[in-house]
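As structure tokens, the structure follows; a few thoughts come after it.
Residue numbers (full-length UniProt numbering): 1 to 101.
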């Protein structure tokens, strides 16, 4: 993984903005493909980024944003997971109906 030792204000602002990309990309998988596994995996990875940033720099926004993104992804993934199971149960009940001639 690329690690920059740049301490400038521009680099810190860019890092704080790009951490939200971890919400946009997996969120699009959740919305368009109902792929809850990508959301859960991304929330786990984003939680790891938050822990790493917390121990690297305590007074910063990036670890706070990472924990917020991880929590949102986890909640949206669970909603997608249980919504998918609910829809599949409704489809199975109609598919198991007896065939009428």
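Where is the CB? At the ideal position from N, CA and C, for every residue including glycine. None of the values given here were measured: they were computed from a predicted structure.
Where the alpha helix (DSSP H) containing residue i begins and where it ends
i, result
"residue 36", "36-56"
"residue 8", "Neither: residue 8 is in no alpha helix (DSSP H) and is coded neither H nor E."
Reduced DSSP category for residue i - H, G, I as helix; E, B as strand; rest coil
i, result
"residue 81", "helix"
"residue 70", "helix"
"residue 61", "coil"
"residue 24", "helix"
"residue 19", "coil"
"residue 100", "coil"
beta-carbon residue i near the ligand SAM non-hydrogen atom, thresh 7 Å
i, result
"residue 45", "This structure lacks the ligand SAM, and indeed carries no ligand of any kind."
Exercise for review: Specify whether the segment 30-37 and the segment 72-80 touch according to this definition: at least 3 beta carbon pairs, one from each stretch, less than 8 Å apart.
Suggested key: yes
**Study point:** Sufficient close CB pairs (3 or more, under 8 Å) joining the segment 52-71 to the segment 13-28
**Key:** yes
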